[in-house]
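**Q**
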Amino acid sequence: MDFELNDDQRSLQALCREFARKEILPRRDEWNASGRFPVEVFAKMAELGLMGLLVPEEYAGTGVGAVAYVAGMEEIAKADQSVAATWNAHLTIGSLPLLYFGTKEQKRRWLVPLARGERLGAFGLTEPGAGSDARAIRTTARREGDGWVINGTKMFTSNAGTEISQGVILLAVSGAPAGGAKEYSAFLVPRGTPGFHVGRNIPKIGWHAVDTRELVFEDCRVGADHLIGAQGVGLRQFMQALAIGRISVAALSLGLAQACLEVALEYAKQRRQFGQPISRFQAIQLKLADMAVAVENARLITYKAAWLYDHGREFAKEAAMAKLYASDTAMHAALEAVQIHGGYGYTDEYVVSRFFRDAKILQIGEGTNEIQRLVIARLLGC
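The following block contains the structure:
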């Protein structure tokens with residue numbers, strides 16, 4: 016069993032680490048304080064070919080695979096969660112539905128600009144009355160002539176309101192036969208389409224520089240060629256795209272947990288109480304040891320899920336496990352990092368307070384951890 020990254024994977028990891036050091040770390044405090052979307056960062060990522068990592072070269076991507084992507088994501092996520100979360104949404108649920116289910120013309124028209132980083136991808140599922148229960152969505156798509164008319168509201172959609180946003184891929188109820196089950200379909204609605212209204216950027220306790228919007232569709236008409244995949248199977252398509260998204264969120268979580276460990280360890284070595292560094296006290300040592308074990312466990316399950324994906328094997332259970340365990344680890348590591356910092360950890364003058372605020376959403380987004388447990392149980396055969 017080989018735990019080493021190959022040369023290409025190490026190269027991407029090193030590229031992302033250096034990019035984070037030069038372009039993210041010096042500026043992250045500014046955009047997290049102001050809530051400004053750092054469009055210039057993504058322009059530079061595009062120049063480096065980082066905006067199409069999971070898209071094959073045929074469609075302007077690099078097709079590096081999931082393991083390489085996780086290695087790169089961990090480095091970006093360790094530096095800043097807002098940049099990493101935006102990158103995650105773009106690369107996975109914002110792009111992969113087109114790759115998996117789009118026609119060649121749709122890929123040429125919409126996927127290529129995403130992979131080049133000319134546009135930013137977004138996916139709209141959650142609604143004011145539908146979160147974990149995706150079947151409860153109320154946004155509708157009605158066939159009319161040679162197109163579709165969409166009505167409804169999407170909530171907490173990332174990446175749909177920036178100056179480089181392409182629009183949104185959304186899930187809608189496209190049919191409800193009398194006495195039958197609803198059917199769901201996916202559509203791409205370009206920004207600027209009449210009837211597509213991008214709402215306010217929603218204030219959040221963390222991920223301050225992530226563009227998070229309410230989207231409203233009022234008699235929004237799109238052509239028949241905006242249907243992504245087959246009519247009536249959109250929910251199944253979304254779940255397939257979400258599975259790789261869970262690996263990505265696990266990598267996001269892993270990066271944050273590693274950052275918490277490193278910052279807490281460094282502080283514990285420098286902070287002196289009772290005449291010695293607090294790292295000499297057993298109570299602090301036990302916290303740091305437990306954090307290190309949990310981070311390493313999260314890394315192992317996350318990379319295993321990515322390896323399974325790259326080798327074309329079933330990975331849904333491991334992806335759910337990785338998302339669950341890594342996000343719980345990130346939340347716990349952030350709590351412990353704040354505790355180790357004491358009163359300073361409760362101030363905005365130390366980065367651990369942001370780690371704490373950023374960590375919570377990792378247990379909620381891309382399927383809550385309660386849902387992950389249900390997914391795992393079902394895949395175990397319960």
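Heads up, the working numbering is the position in the sequence shown plus 15, with the first residue counted as 1.
All C-beta atoms, glycine included, are put in the ideal place defined by N, C-alpha and C.
1. When DSSP labels each residue in this structure, what does M336 get in the three-state scheme?
2. Let me check one thing: in DSSP terms, what residues is P205 bridge-paired to?
3. Tell me, please, which residues DSSP counts as bridged to Q291.
4. Candidates L68, N21, V98 and P112: which alpha carbon is nearest T227's?
5. If I follow the unbroken beta strand (DSSP E) through I220, where does it start and stop?
6. Ignore the nearest five residues each way along the sequence and tell me which others in V390's own chain have a CB closer than 6 Å to its CB.
7. Roughly how many angstroms lie between the CA atoms of G244 and P112, to the nearest whole one?
8. Pull up the DSSP beta-bridge partners for W163, would you.
9. Report yes or no: do three or more beta-carbon pairs, one from the region 125–140 and one from the region 180–187, lie closer than 8 Å?
10. Below 6 Å CB to CB, which residues in the same chain sit around A279 once its five sequence neighbours on both sides are set aside?
11. Can you list, in chain order, the residues of its chain whose CB lies under 8 Å from that of M60, leaving out five sequence neighbours each side?
12. For V2, which residues of its own chain have a beta-carbon under 7 Å away from its beta-carbon, when the five flanking residues on both sides are left out?
13. Could you spell out the range, first to last residue, of the alpha helix (DSSP H) harbouring P112?
14. Taking only the alpha-carbon atoms, compute the straight-line gap between Y340 and K319 and give it to the nearest angstrom.
15. Please list the terminal residues of the continuous alpha helix (DSSP H) segment that includes Y324.
16. Less than 9 Å separating the beta-carbons of N166 and L135?
17. Identify whether F330 lies in helix, strand or coil by the three-state DSSP scheme.
18. Given this structure, state the Cα-to-Cα distance separating F253 from H212, to the nearest angstrom.
19. Helix, strand or coil: how does DSSP classify F211 here?
20. Quick one: grab the DSSP three-state call for F138.
21. Ends of the alpha helix (DSSP H) at W46?
22. In terms of residues, what are the limits of the alpha helix (DSSP H) holding S26?
23. In whole angstroms, give me the CA-to-CA distance for L303 and L276.
24. Give every residue of the same chain whose Cβ lies closer than 8 Å to the Cβ of I220, excluding the five residues on either side of it in the sequence, and list them in chain order.
25. According to DSSP, is T227 helix, strand or coil?
26. Excluding the five sequence neighbours on either side, which residues of its own chain have a C-beta within less than 7 Å of the C-beta of A86, listed in chain order?
27. Contact check, Y199 vs L250 under 8 Å by CB: the rounded distance?
28. Just to confirm the assignment, what range does the alpha helix (DSSP H) spanning R369 have?
29. For V237, tell me which candidate among L203, S147 and G109 has the shortest Cα-Cα distance.
30. Of all the options C31, R215, R295 and V164, which has the alpha carbon lying nearest to the alpha carbon of G190?
31. Have a look at I217 and A348 and give me their C-alpha separation to the nearest angstrom.
**A** A quick look at the data gives this:
1. Residue state, collapsed to three classes: helix.
2. P205 is bridged to G182.
3. Under DSSP, Q291 shares a beta bridge with Q288.
4. Nearest option by C-alpha distance: V98.
5. No beta strand (DSSP E) holds I220; DSSP gives it neither H nor E.
6. Residues A335 of the same chain have their beta carbon placed closer than 6 Å to that of V390, with the five preceding and five following residues left out of the count.
7. In a straight line, the C-alpha of G244 is about 8 Å away from that of P112.
8. Beta-bridge pairing links W163 to R158 and V237.
9. Three or more beta-carbon pairs drawn from the region 125–140 and the region 180–187 are found closer than 8 Å, and the two stretches are therefore classed as touching.
10. Excluding five sequence positions before and after A279, the CB atoms of its chain that fall closer than 6 Å to its own CB belong to A352 and I355, given in chain order.
11. Hits under 8 Å: F34, M66, W102 and G132.
12. There is no way to answer for residue 2, as the model of the chain reaches only from 16 to 397.
13. Start and end: L111 to F116.
14. Their Cα atoms are separated by approximately 13 Å.
15. Per DSSP, Y324 belongs to the alpha helix (DSSP H) from Q297 to D325.
16. At a Cβ-Cβ threshold of 9 Å, N166 and L135 do not count as neighbours.
17. Reduced to three states, the DSSP call for F330 is coil.
18. One C-alpha to the other measures close to 23 Å.
19. In the structure shown, F211 sits in a strand (DSSP, three-state: E or B).
20. DSSP, read as helix, strand or coil, puts F138 in strand.
21. Here the alpha helix (DSSP H) through W46 covers R43 to S49.
22. Following the DSSP letters along the chain, one finds S26 inside the alpha helix (DSSP H) bounded by residues D22 to F34.
23. L303 and L276: Cα-Cα distance of roughly 7 Å.
24. Once the five neighbours on either side are set aside, the close Cβ partners of I220 are R372 and K375.
25. Of the three classes helix, strand and coil, the one that applies to T227 here is strand, per DSSP.
26. The residues are L20, Q24, L27 and Q28.
27. About 4 Å; that satisfies the 8 Å criterion.
28. V367 to A374 is the span of the alpha helix (DSSP H), which, as asked, contains R369.
29. Looking at the Cα atoms, L203 is the closest of the given residues.
30. When each option's Cα is compared against that of G190, the closest is V164.
31. Rounded to the nearest angstrom, the two C-alpha atoms are 26 Å apart.
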